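Enquirer: Just dropping this structure here.
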């Protein structure tokens, strides 16, 4: 059973888990569980559909307050499911309240394996019909576009035009897929050369909660992942760290600053940071003492190592201080001159003040 039309990855995972459990219940003759899980999955699928494709009389709040019976009625009304499917779904609707033992006793409900088999069949039919309608409504799917980008690199104007034919929910899925693409890359066959250029185009059209979920994944990678994984997320999301709490921002930036400090004697690494504008955000988040300390340490390291490729280090310094007031810039310069030998600092500021950022 494919739930690839469900937008939210966590929600999709839950449905796939429940469907797997449902199949085990069918195999083991657990009919009551089959009836309850079938109803639960159908309710979740219809809720997801009407949230993504609301009708004139339904907003998200109303959709979330509807029960299974109301959702099935609405699905039939808008031809999301057929009339015959609606009629068949009675077997699930009538047993939905079996979760309450008192209801089962009062109504003297009876069910058997055949009842469970019908419920599973109805679920299969509804998933098939909803999926077909969903795909008809979204235009290009996220999977379609991933396949297209793997086989044919698209220019920015062409990609933007195609996005106009993509439903919002699929744009969110596409964004998630592109961000995670390099983590799941299969080196056999075609692959997307540069996911970040498509991510940049797509990002302004993405729901904030999608960005926030990815930021949480970045934090998780800091705690349990590898350095390159954290840097990959940061390259994509550094402009959006403002969505995190102040403690989370400090946690992320301390990690990133320490990584940059470790690489400060590698001009190629510094050049890559500068070319991606990764140093532009630090100056706006220097509220904690620990961040200020690491920030100043990084600047001192840049000054001490600038002879390796001076124009790169001048550009890095400029990005770091570009969002800081003139008074604070002057204080930073005085700090550097107090903590870095005159041999390095005098020559650095002479080149920097002359605007000598060109590689010749």
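Residue numbers (this note's numbering): 56 to 415. Backbone N, C-alpha and C fix where the C-beta goes; we use that ideal spot for every residue, glycine too. Every value quoted in this text rests on a predicted model; they were computed, and no experiment measured them.
1) Going by Cα to Cα distance, which pick from 75, 65, 123 is closest to residue 56?
2) Just list the residues that DSSP pairs residue 221 with in beta bridges.
3) From what residue to what residue does the alpha helix (DSSP H) around residue 66 run?
4) Under DSSP, the alpha helix (DSSP H) around residue 322 begins and ends at which residues?
5) So is residue 417 buried or exposed if we call it buried at 16+ other beta carbons inside 10 Å?
6) Would you kindly report the start and end of the unbroken alpha helix (DSSP H) that includes residue 355?
7) Distance, Cα to Cα, residue 372 vs residue 109?
8) Go ahead and label residue 228 buried or exposed: buried means 16 or more other beta carbons lie within 10 angstroms of its beta carbon, across all protein chains shown.
9) Please report the distance separating the alpha-carbon of residue 419 from that of residue 369.
10) Taking buried to mean at least 16 other C-beta atoms within 10 Å of its own C-beta, is residue 60 buried or exposed?
11) DSSP on residue 440, reduced to helix/strand/coil?
12) Residue 297: buried (16+ other C-beta within 10 angstroms of its C-beta) or exposed?
13) For the alpha helix (DSSP H) holding residue 105, just list the boundary residues, first then last.
14) Rounded to the nearest angstrom, what separates residue 100 and residue 185 at their Cα positions?
15) Which first and last residues belong to the alpha helix (DSSP H) in which residue 406 is found?
16) In or out: residue 219 buried (at least 16 other Cβ within 10 Å) or exposed?
17) So residue 366 and residue 333 are supposed to be a Cβ contact under 8 Å. How far apart are they, rounded?
18) In chain order, what residues of the same chain lie with their CB nearer than 6 Å to the CB of residue 146, ignoring the 5 residues before and after it?
19) Going by CA-CA distance only, name the one from 124, 81, 136 that's closest to residue 170.
20) What residue range is occupied by the uninterrupted alpha helix (DSSP H) comprising residue 285?
21) Considering only their Cβ atoms, is the gap separating residue 64 from residue 231 smaller than 8 Å?
22) Do the stretch 115–124 and the stretch 192–206 meet, that is, are 3 or more Cβ pairs less than 8 Å apart?
23) Classify residue 226 as helix, strand or coil using the three-state DSSP reduction.
24) Cα separation between residue 320 and residue 205?
25) How long is the line joining the alpha carbons of residue 401 and residue 344, rounded to whole angstroms?
26) Locate the alpha helix (DSSP H) running through residue 270, then write down its first and last residues.
27) Straight-line CA distance for residue 236 to residue 250?
28) To which residues of the same chain is residue 67 closer than 6 Å at the C-beta, ignoring the five residues directly before and after it?
29) In or out: residue 350 buried (at least 16 other Cβ within 10 Å) or exposed?
30) Using only alpha-carbon positions, find the residue among 339, 213, 84 that is nearest to residue 166.
31) Quick one: residues in its chain with C-beta nearer than 8 Å to the C-beta of residue 104, no 5 flanking neighbours on either side, listed in chain order?
32) Let's test the definition: count the other Cβ atoms within 10 Å of the Cβ of residue 358 and tell me whether it reaches 16, buried, or not, exposed.
33) For residue 361 and residue 398, I'd like the C-alpha separation in whole angstroms.
34) For residue 234, which of 331, 140, 222, 254 has the nearest alpha-carbon?
35) Between residue 376 and residue 384, what straight-line distance do the alpha-carbon atoms span, to the nearest angstrom?
36) Restricting to Cα atoms, I'd like to know which of 177, 257, 293, 269 is closest to residue 437.
Expert: Taking the definition as stated:
1) Out of 75, 65, 123, the CA that lies nearest to the CA of residue 56 is found in 75.
2) Residue 221 pairs with 194.
3) Unbroken alpha helix (DSSP H) run through residue 66: 64–82.
4) Looking at the DSSP string, the run of the alpha helix (DSSP H) that includes residue 322 is 322–330.
5) No statement about residue 417 is possible, as the shown extent of the chain runs from 56 to 415 and does not include it.
6) Segment 344–360, the alpha helix (DSSP H) holding residue 355.
7) Rounded to whole angstroms, residue 372 to residue 109 spans 50 Å at the Cα level.
8) So residue 228 ends up on the buried side.
9) The requested residue 419 is not part of the displayed model; the chain covers only 56 to 415.
10) Buried, since its Cβ has 16 or more Cβ neighbours within 10 Å.
11) Because the chain is modelled from 56 through 415, residue 440 falls outside the range shown and cannot be assessed.
12) In the assembly as shown, residue 297 is an exposed residue. Its beta-carbon has fewer than 16 other beta-carbons within 10 Å.
13) For residue 105, the uninterrupted alpha helix (DSSP H) segment begins and ends at 86–107.
14) Each residue's alpha carbon lies about 8 Å from the other.
15) Per DSSP, residue 406 belongs to the alpha helix (DSSP H) from 397–408.
16) Exposed, because fewer than 16 other Cβ atoms sit within 10 Å of the Cβ of residue 219.
17) Not a contact, Cβ separation roughly 17 Å.
18) Take residue 146, set aside five residues on each side of it, and the residues of its chain with a beta-carbon closer than 6 Å to its own are 173, 174, in chain order.
19) For residue 170, the nearest C-alpha among the options comes from 81.
20) Here the alpha helix (DSSP H) through residue 285 covers 282–292.
21) Result yes, Cβ atoms of residue 231 and residue 64 sit closer than 8 Å.
22) Contact fails: fewer than three Cβ-Cβ distances are below 8 Å.
23) Under the three-state reduction of DSSP output, residue 226 falls in the helix class.
24) Straight across, the Cα-Cα distance linking residue 320 with residue 205 is about 36 Å.
25) Approximately 27 Å, taken between the alpha carbons.
26) From DSSP, the alpha helix (DSSP H) with residue 270 extends over 263–279.
27) The alpha-carbon of residue 236 is positioned some 8 Å away from that of residue 250.
28) For residue 67, where only same-chain residues beyond five positions count, the Cβ hits under 6 Å are 58, 61.
29) It is buried - the Cβ of residue 350 has at least 16 other Cβ atoms within 10 Å.
30) Residue 166 has its Cα closest to that of 84, out of 339, 213, 84.
31) Cβ neighbours of residue 104 beyond the five flanking positions: 130, 135, 185, 188, 189.
32) With at least 16 other beta carbons inside 10 angstroms of its own, residue 358 counts as buried.
33) Cα to Cα, residue 361 sits roughly 11 Å from residue 398.
34) Out of 331, 140, 222, 254, 254 has the C-alpha closest to the C-alpha of residue 234.
35) Straight-line Cα distance between these residues: approximately 7 Å.
36) One cannot answer for residue 437 here, as it falls past the ends of the chain, which runs 56 to 415.
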